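Enquirer:
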Amino acid sequence: MSEVVILGVGMIPFGRHPQKLLVEMAAEAARAALKDAAVEPGEVGAGFFSNGLAARLFSDHTIGQNVYWEVGINRIPIYNIENACTSASTAFCLACGQVAAGQVEVAMVVGAEKMYVPELGLIHSGQSELDTQLGLVAPAGFALRAKRHMAEFGTTEAQLAAVAVKNRRHAALNPNAQFRDPITPEDVLSAPMVVDPLTRLQCCPNADGAAAVVLASADFARWRRGASRGKVRPVDVRAAVYCTGSYANPQDLTHWETDERGCRLAYEAAGVGPEDLNVVECHDAFTISEILHYEALGLCPAGEGGRLAEAGETALGGRIPVNPSGGLLSRGHPPGATGAAQLCEIVAQLRGEAGPRQVPGARVGLAHCMGGDKAADSKSCTVVVLSV
Amino acid sequence: MSETTELKHATLVTEGIVTGYEDGSRPRLVGGYCPDCARWYFPCPSYCRSCLEPVQAADLGGEGKLHAFTVIRMRPPLGLPQPYAVGYVDLKESGLRVFCLLDPSAIDRYRLDMPLRLTVSVLGHDGSGQPCLRPYFSPGDHHEDAEKETDTGGGEVRDE
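Chains as they are written, first to last, in the working numbering: chain Y, 62 to 449; chain L, 2 to 161.
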């Protein structure tokens, strides 16, 4: 990819925002990102807005135009993106493509989701899908992977719990995380069982939230950085990969081909390997998800993910910290915003602005996201590699 | 017989995915097969994903092996029982791995790799509150069943 940078990021704390409309939350994040990037509304050449649920929950459509006009952006192309949990990261990949192709100098991604509403219902992969009609709810697909992982590799409930405990410990250091009170392995394992073996503290919580990212060409960034006397701090986009499932049958539930393929394509595009990473945000929708993603990312050999978590190697201070933000498990998971919030965290880490959860000297970071179930596979996988 | 009445009045969760259940004989999943590409499908798509020609409906049988299972203890969707069980089942004839409901009355009996056989019965509702017929797998295989039928003098009933 030709040179693309992230110029600014912004987000609102994830949690309950009953007094704020979706558009207000999104505008707040967008404004913060524009300020961070020192970019004026009139300089943005293309805008992407991502959301997963508002069409169903609020009968709202083409929300992006409303959001962007709240921050003074009009006339330009605005794209509304829905892609389940990867909505925002998919929007980011599209925005990168436009900047890399020279179509625009500055592009922007805003993701937002409002989930704390009485009529939310269950999250699934489409009401008319046969699997949904046969009782497949989101946690069940991952519980089935967990059961196979335990049977094939001896992964234990304690190892699953270690992921939740670690991410909560990280979240305590992140003011934007929804749940920040420490939890113990006993808390995790004695929480109500949702789908065997996943207890409630092993499933990511709903959240209201919004996050935004401003991208630019490297040329624009150099000019803007100079004009701001170094106040603007660009982060290089080394890879922004988006792939969809193979839906091959039978699916191997523990070697997730789509996940592995997404990670491999991103490493190839970025010219780095797992050993080069300093910090990772991954899609820990459930504790087992993070363990599977360790393996897909090559942070450990296949089958060793549970032991990697238990050994503390993915905790802050460990060999390769994963989800220093608290991850989906503790920050909360508003699908339309999660992918952008992950980028906010990696940018903060690479700029050295992550405060008490800073990974010392982090120079290469990766954000990984997956979304949607189909045929025992995932409908989408995005992997973004950033560096300074 | 209330069960028969229910079977007659309840609608199938999705048309065309099972056969052989109407007379209670031997339910089987119906999928698709493309003879040119030798590819099996469940459910049956309109077109083969390799050659884009129409796919023939294919009997996938009613027997399989349990590849993975779990029990859903949260508030269930679609009027399903609480708790209920689901799994991935490797079908005997085609080798397809399909997601399916498991018999909720046998929750404590599931073991990896155990043989399963298909049942179709009222399980949950269709989203508008009407009883709904759903396929689900139960422990055991048709072989045991056939022996039982022989023992009790019951003949094999075939549907067409």
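Quick reminder that beta carbons are idealized off the backbone N, C-alpha and C, glycines included.
Model, not experiment: these values are computed from the prediction.
Please list, in chain order, the chain Y residues whose beta carbon lies closer than 7 Å to that of Ala69/L.
Expert: Residue mapping note: residue 69/L aligns to position 68 of the second sequence, counting from 1. Going along chain Y in sequence order, the residues near Ala69/L (Cβ under 7 Å) are Leu205, Lys208, Arg209, Leu314.
Enquirer: Between the region 188-199 of chain Y and chain L, which residues of the former have a C-beta closer than 7 Å to a C-beta of the latter?
Expert: So the list reads Leu191, Asp192, Gln194, Leu195, Gly196, Leu197, Val198, given in the order they occur along the chain.
Enquirer: If you follow the alpha helix (DSSP H) that His231/Y is in, where does it begin and where does it stop?
Expert: Residue 231/Y sits at position 170 when you count from the first residue of the first sequence. Element bounds for His231/Y: 218-232.
Enquirer: Mapping the DSSP letters down to three states, classify Leu114/Y as helix, strand or coil.
Expert: In the first sequence, residue 114/Y corresponds to position 53, counting from 1. If DSSP states are grouped into helix, strand and coil, Leu114/Y belongs with coil.
Enquirer: I need the DSSP call for Tyr129/Y, collapsed to helix, strand or coil.
Expert: Start at 1 with the first residue of the first sequence, and residue 129/Y comes out as number 68. Note: Tyr129/Y maps to helix in three-state DSSP.
Enquirer: Please classify Ile139/Y: does DSSP put it in a helix, a strand, or coil?
Expert: The sequence position of residue 139/Y within the first sequence is 78, counting from 1. Looking at Ile139/Y - three-state DSSP - the assignment turns out to be strand.
Enquirer: Since Val256/Y meets chain L, which of its residues come closer than 8 Å, beta carbon to beta carbon?
Expert: Residue mapping note: residue 256/Y aligns to position 195 of the first sequence, counting from 1. Result: Thr71, Val72, Ile73, Arg74, Met75.
Enquirer: At least one CB of chain Y closer than 7 Å to the CB of Leu102/L: is that the case?
Expert: Taking the first residue of the second sequence as position 1, residue 102/L is located at position 101. True, the Cβ-Cβ gap to chain Y drops below 7 Å.
Enquirer: Leaving out five residues on either side along the sequence, give the residues of the same chain with a beta carbon under 8 Å from the beta carbon of Arg230/Y.
Expert: What you label residue 230/Y is simply residue 169 of the first sequence in a count that begins at 1. Excluding sequence neighbours, Arg230/Y sits near Pro243, Ala376, Leu377.
Enquirer: Starting from the beta carbon of Ala398/Y, find every residue of chain L whose beta carbon is closer than 9 Å, and list them in chain order.
Expert: Counted from its first residue, the first sequence places residue 398/Y at position 337. Simply none; closest approach about 24 Å.
Enquirer: If Gly88/L and Leu103/L are in contact, beta carbons under 8 Å, what's the gap, nearest whole angstrom?
Expert: As a first step, residue 88/L must be located in the second sequence, where it is residue number 87. As a first step, residue 103/L must be located in the second sequence, where it is residue number 102. So it is a contact: roughly 5 Å between Cβ atoms.
Enquirer: Any heavy atom of the ligand SAH within a distance shorter than 6 Å of the CB on Pro396/Y?
Expert: Among the components modelled here there is no ligand, and therefore nothing to report on the ligand SAH.
Enquirer: Applying the criterion that 16 or more other CB atoms from any shown protein chain within 10 Å of the CB defines a buried residue, is Pro136/L buried or exposed?
Expert: Here the question's residue 136/L lines up with position 135 in the second sequence. So Pro136/L counts as buried.
Enquirer: Check whether the region 328-335 of chain Y and the region 223-237 of chain Y are in contact - that is, three or more C-beta pairs closer than 8 Å.
Expert: no
Enquirer: Between the region 441-448 of chain Y and the region 299-310 of chain Y, do at least 3 Cβ pairs fall closer than 8 Å?
Expert: yes
Enquirer: Which chain Y residues sit within Cβ distance under 9 Å of Val31/L?
Expert: Taking the second sequence and counting its residues from 1, the one referred to as residue 31/L is at position 30. What Val31/L touches in chain Y: nothing, since even the nearest Cβ is about 12 Å away.
Enquirer: Count the other C-beta atoms from every protein chain shown that fall within 10 angstroms of the C-beta of Gln164/Y, then say buried if there are 16 or more, exposed otherwise.
Expert: Walking along the first sequence from the start, residue 164/Y turns up at place 103. Answer is exposed; the Cβ neighbour count stays below 16.
Enquirer: Using the DSSP secondary-structure output, state which residues sit across from Tyr137/L in a beta bridge.
Expert: Taking the second sequence and counting its residues from 1, one reaches residue 137/L at position 136. Tyr137/L pairs with Leu102/L, Thr120/L.
Enquirer: Identify, in the order they occur along the chain, each residue of the same chain with its Cβ nearer than 7 Å to the Cβ of Asp248/Y, setting aside the five sequence neighbours on each side.
Expert: Residue mapping note: residue 248/Y aligns to position 187 of the first sequence, counting from 1. Closer than 7 Å at Cβ, skipping near neighbours: Leu262.
Enquirer: When the Cα atoms are used, what is the spatial distance from Thr399/Y to Ala91/Y?
Expert: Walking along the first sequence from the start, residue 399/Y turns up at place 338. Walking along the first sequence from the start, residue 91/Y turns up at place 30. Answer to the nearest angstrom: the Cα atoms are 14 Å apart.
Enquirer: Which term fits Cys52/L, buried or exposed, when burial requires 16 or more other beta carbons within 10 angstroms of its beta carbon?
Expert: Indexing the second sequence from 1 puts residue 52/L at position 51. By the neighbour-count rule (16 or more Cβ atoms within 10 Å), Cys52/L is not buried but exposed.
Enquirer: According to DSSP, is Cys64/L helix, strand or coil?
Expert: By 1-based counting over the second sequence, the position of residue 64/L is 63. Note that residue 64/L corresponds to Glu in the displayed sequence, not to Cys. Glu64/L: strand per DSSP, three-state reduction.
Enquirer: What distance in whole Å lies between the Cβ atoms of Tyr22/L and Gly33/L, which are believed to be in contact at a cut-off of 8 Å?
Expert: In the second sequence, residue 33/L corresponds to position 32, counting from 1. In the second sequence, residue 22/L corresponds to position 21, counting from 1. About 19 Å separates the two Cβ atoms, so there is no contact after all.
Enquirer: For a cutoff of 7 Å on Cβ pairs, would you count Asn310/Y as touching chain L?
Expert: Looking up residue 310/Y in the first sequence gives position 249. Yes, Asn310/Y lies at the interface with chain L (some Cβ there is under 7 Å from its Cβ).
Enquirer: Mind listing which residues of the region 209-232 of chain Y have their C-beta closer than 8 Å to chain L's C-betas, in chain order?
Expert: Arg209, Ala212
Enquirer: When you compare only the Cα positions, how much space is there between Pro421/Y and Gly413/Y?
Expert: Position 360 of the first sequence holds residue 421/Y. Position 352 of the first sequence holds residue 413/Y. Roughly 8 Å separates the two Cα atoms.
Enquirer: Residues in the same chain with beta-carbon distance under 7 Å from Gly128/L, minus the five sequence neighbours each way, listed in chain order, please.
Expert: Taking the first residue of the second sequence as position 1, residue 128/L is located at position 127. The answer, listed in chain order, is Leu79.
Enquirer: Starting from the beta carbon of Thr1/L, find every residue of chain Y whose beta carbon is closer than 7 Å, and list them in chain order.
Expert: The requested residue 1/L does not occur in the structure, where chain L is confined to residues 2 to 161.
Enquirer: Could you list which residues in chain Y have their beta carbon closer than 8 Å to that of Asp91/L, in chain order?
Expert: The sequence position of residue 91/L within the second sequence is 90, counting from 1. Result: Pro311.
Enquirer: Under 7 Å between C-beta atoms, does Pro44/L make it to chain Y?
Expert: On the second sequence, position 43 is the one that residue 44/L refers to. True, the Cβ-Cβ gap to chain Y drops below 7 Å.
Enquirer: If the cut is a Cβ gap below 8 Å, which residues of chain L does Ala201/Y touch?
Expert: As a first step, residue 201/Y is located in the first sequence; it is residue number 140 there, counting from the start. Within chain L, the C-beta atoms nearer than 8 Å to that of Ala201/Y come from Thr71, Ile73, Val87, in chain order.
Enquirer: Between the region 140-160 of chain Y and the region 202-211 of chain Y, do at least 3 Cβ pairs fall closer than 8 Å?
Expert: no
Enquirer: Are at least three pairs of beta-carbons, each pair with one atom in the region 383-391 of chain Y and one in the region 131-142 of chain Y, less than 8 Å apart?
Expert: no
Enquirer: Name, please, each residue of chain Y whose Cβ falls closer than 9 Å to the Cβ of Arg135/L.
Expert: Residue mapping note: residue 135/L aligns to position 134 of the second sequence, counting from 1. Within chain Y, the residues near Arg135/L are Gln194, Leu195, Gly196.
Enquirer: At the 7 Å Cβ level, is Leu97/L part of the contact set with chain Y, yes or no?
Expert: As a position in the second sequence, residue 97/L is number 96, starting the count at 1. Taking Cβ atoms only, chain Y reaches closer than 7 Å to Leu97/L, which makes this a yes.
Enquirer: Do Asp91/L and Gly65/L count as a contact pair if the criterion is CB distance below 7 Å?
Expert: In the second sequence, residue 65/L corresponds to position 64, counting from 1. In the second sequence, residue 91/L corresponds to position 90, counting from 1. With contacts defined as CB atoms closer than 7 Å, Gly65/L and Asp91/L qualify as a contacting pair.
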